[in-house]
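Everything on this sheet refers to the single structure shown next.
Residue numbers (this note's numbering): 649 to 1286.
Put into C-alpha cells, the structure is as follows:
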C-alpha cells in the first residue's frame, strides 16, 4: 500500500502535491480527535511516606542519644558559659558601655542599658560596680542635659543575680530588678549630689533582700538601666497681678518687678519690710546680701533648698488653686524664722510673692470662720496661740510622723493586746481540687520572649472542716460540681454567720474543785502577771466555759470576744501559689468587704472577706513539707 502511494505521489506534479497538503491543513479537525488531543494529563497520585511508629521512633531516638557523641543544647550552653568564664580569667575585661534601648514620645523619654558579661570583675559586688561606672553615668547625664537643653529626671535600676541554697542542697536562683525613686537634675553641678542619693538607696534595697536571714547571696550584677525624662519644673518670672480672691485678703505682698528675679524681690520684701507702697521695687534695697550663685533665673522650686543653704534661710513655698496648696516645706531647724512665699500662675507663667500673714490667707479655709493660728509646716490650725506653740515642738511637717522630743518615763509602756495571745476561737481548714483543660493557641516565635497559656485550671470540688479552739471539729463539708470556688465562698459566709451567733452567746463558766482551789490561792493575774489587789475576777473561755485563771477586771475585759470583729482564719496550704488564684476568680461574685496584703500583683500574703481571713500555712514553714520531712534525721530503731 505504501509503495502504491509513493508511485502516485511520484507521478503527480509539485503543484498538485502542494494543493493536497494545503487542503489537509485547512480541513477542520474532527470532534473525536479534538477531545482526545485536548484531554489534560492526569497527575500521578502522590502517596505520602507513612510515618514511623511512635514506639519505634522513641526507641530509635533513645539509642541515638546513647551513642551520639553530640551533646545536648543545654550541655552546650553550660560549656559555653564555662568557656567564657575561663577565657575571661586570662583576657582583659571588656569596657562596659551604654547602649540606647528606647527613644519615645518625641525624645521625651530616653532609655540606656549597660550589659555586664558573665564573670566580669566589676559586676561581682553591687557597691563596687556602681562606683566603677559612676563616671559613665555622670557623663551620660551631662550629655543628656546638653541634648534636652534643660532639666531632666533620671532613675537607675540594676538587675542582680542572687543564689540561695535549699535544704536539699540544690541552688535556687533569682534575678530581681532594684530601682530607686526619680532624681531631678537641672544643672551639671547637681549630678554628683543626685548620684550620692541614688546609690545608697539601691544598696539599701539590696540589703533588705540579702539580710535578715533570707539566705540570698549576691552572685553578680547583670544589667544597669538609666531612664531619663525631660523635666520642666515650675519657675518664677516677671510680675503677675494677684487674682481678685487673693488681693481682697490683703495677706500677700506682690512686687512689680520687670525682670526674672521675682524670688529675690519676694525675699527682699520679707527681709526689708516696707511701711507703705509695698508693691514698688524702689522700696527695697538692691544690696540685699543674698547669695544667688549657681541659682537659675527664673528660679525653679527644686532650687529653693539650695537658696536656703547658701543664705541661712528657711523658706516655705505654697501655691494657689482655689485654696492653698504646698510646693515646698523647709527642712531647716525650727529655730529659723520661716519666710512663706506664694507661687501664683497665669497663662503658663509663674511668679513668687511674699505671704505677710499666713493666718489671714488661710482664714476662709477654716470651717467655723473663727480666727485660727496655723502651723507653717503642716498648715494645721489651732484656736489658741499657746496650742500652736506646743504643737511646733513635735511637728515634723506635711507627710511626716511626729516625733516626741521627750520619751515617756520608764515603766509606762506596757503590752496591752492580750487578746491576740489567745488561740482563735474557730479555725477553718480547706483545700481545693481542680480540673485542668488544655488551651490551644498560635505557635510562638522561638526567636522572641513569649508567654504561652497551656492549661486552664478550674475548681471542681472542695472540702473544709471547722475546728474549735479546744480541738473539737464538726463533720467536714464537701462539694463536687460547677462553680466550686463561688460555692465555697458562699458556704464560708454561712459558717461566718453561725460563728457570730455562737460568739454572741458566751458559755457559762464551769469550775472544778481544783479550779476553785487555784482561784483561792492566786496572787497574780494570769493575763498581765500583775499582783492581784482585791479586784480579781474569774476569767473563763467564752467558747468552752472552762476556767482559765484569776484576772484583773480590766484584763478580763480585754479578752472579751466581739461577734462583729473577731477574725476567723481560713487556712490553705500553698494559698499564695495556687488556691488564691482559684478564689480570686470567684470573690467578685459574692458580697462582702475585701482587703488584702499583697506580695506582688499576682500573689497575696493574706486577704480577707468580711471577718474571714485567708492565710497560707506554707508561709509559716522554712521549706516545703516534703523537704522538712526528708531533712529530719530518722528515729533510731529500738
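Ideal Cβ positions, reconstructed from N, Cα and C, are used throughout, including at glycine.
All values derive from a computational prediction rather than experimental measurement.
For this session: Keeping to the same chain, check which residues put their C-beta closer than 8 angstroms to that of residue 1032; ignore five residues upstream and five downstream.
Result: 1021
Problem set entry | Cβ pair count under 8 angstroms reaching 3, the stretch 1235 to 1250 against the stretch 1205 to 1222 | no
Exercise. Who are the near neighbours of residue 899 in its chain, counting only those whose CB is closer than 7 angstroms to its CB and skipping five residues on each side?
Worked result: 1003, 1004, 1005, 1008, 1009
For this session: Please determine if the stretch 1109 to 1124 and the stretch 1078 to 1085 are in contact, where contact requires at least 3 C-beta pairs separated by less than 8 angstroms.
Result: yes
Problem set entry | Three-pair Cβ contact test at 8 angstroms for the stretch 1198 to 1216 versus the stretch 1175 to 1182 | yes
Exercise. Using DSSP with H/G/I as helix, E/B as strand and the rest coil, what is residue 1121?
Worked result: strand
Exercise. Does the pairing of the stretch 955 to 963 with the stretch 983 to 990 give three or more beta-carbon distances under 8 angstroms?
Worked result: yes
Problem set entry | Bounding residues of the alpha helix (DSSP H) (the contiguous stretch that carries residue 1173) | Where residue 1173 is concerned, there is no enclosing alpha helix (DSSP H), given that its DSSP letter is neither H nor E.
Problem set entry | residue 745 and residue 799 closer than 8 angstroms at C-beta | no
Problem set entry | Simplified DSSP state of residue 989, which is helix, strand or coil | strand
For this session: From the DSSP output, in three-state form, read off residue 824 for me.
Result: coil
For this session: Could you give the DSSP three-state label for residue 1053: helix, strand or coil?
Result: Since pLDDT at residue 1053 reaches only 46, below the 50 mark, its modelled position is unreliable, and no value is offered.
For this session: Counting only the same chain and skipping the five closest in sequence on each side, list residues whose C-beta sits under 6 angstroms from that of residue 777.
Result: 770, 771, 869
Exercise. What residue from 1123, 852, 877 has the CA that sits closest to residue 830's CA?
Worked result: 877
Problem set entry | Residue from 803, 789, 864 with nearest C-alpha to residue 822 | 864
Exercise. Can you find at least 3 beta carbon pairs, one from the stretch 1122 to 1129 and one from the stretch 1144 to 1153, that sit closer than 8 angstroms?
Worked result: no
For this session: In angstroms with no decimal places, state the Cα-to-Cα distance between residue 849 and residue 953.
Result: 21 angstroms
For this session: Measure the alpha-carbon distance for residue 1272 versus residue 1265 and round it to whole angstroms.
Result: 10 angstroms
Problem set entry | Given 8 angstroms, three or more beta-carbon pairs between the stretch 1243 to 1252 and the stretch 1220 to 1228 | yes
Exercise. Between the Cα of residue 879 and the Cα atoms of 1153, 797, 1229, 1075, which residue gives the shortest distance?
Worked result: 797
Exercise. When you compare only the Cα positions, how much space is there between residue 855 and residue 980?
Worked result: 30 angstroms
For this session: Pull up the DSSP beta-bridge partners for residue 888, would you.
Result: DSSP lists no partner for residue 888.
Problem set entry | Cα-Cα separation between residue 1030 and residue 1139, rounded to whole angstroms | 52 angstroms
Exercise. Taking just the CA atoms, how far does residue 956 sit from residue 784?
Worked result: 31 angstroms
Problem set entry | Endpoints, the beta strand (DSSP E) within which residue 955 is located | Segment 952 to 959 is the alpha helix (DSSP H) holding residue 955; no beta strand (DSSP E) there.
Problem set entry | Among 921, 1255, 1196, 1134, nearest to residue 1163 - alpha-carbon criterion | 1196
For this session: Could you give the DSSP three-state label for residue 774: helix, strand or coil?
Result: helix
Exercise. Which of the three DSSP states, helix, strand or coil, is assigned to residue 1048?
Worked result: The predicted position of residue 1048 is uncertain, since its pLDDT is 48 and thus under 50; a value taken from the coordinates is nonetheless stated next. Here residue 1048 sits in coil by DSSP.
Problem set entry | Close-in-space but distant-in-sequence residues of the same chain around residue 851 (CB under 7 angstroms, 5 per side omitted) | 774, 775
Exercise. Would you say the beta carbon of residue 1199 comes nearer than 7 angstroms to a heavy atom of the ligand ADP?
Worked result: The ligand ADP is not among the ligands present in this structure, which contains no ligands whatsoever.
Problem set entry | Endpoints, the beta strand (DSSP E) within which residue 968 is located | 962 to 968
For this session: Using 10 angstroms around the beta-carbon of residue 808, count the other beta-carbons present and answer buried if the total reaches 16, otherwise exposed.
Result: buried
Exercise. What distance in whole Å lies between the Cβ atoms of residue 758 and residue 792, which are believed to be in contact at a cut-off of 8 angstroms?
Worked result: 7 angstroms
Exercise. Secondary structure at residue 1268, three-state DSSP: helix, strand or coil?
Worked result: helix
Exercise. Measuring CA to CA, which of 916, 1231, 1152 is closest to residue 1210?
Worked result: 1152
For this session: Go ahead and pull the three-state DSSP assignment for residue 1244.
Result: strand
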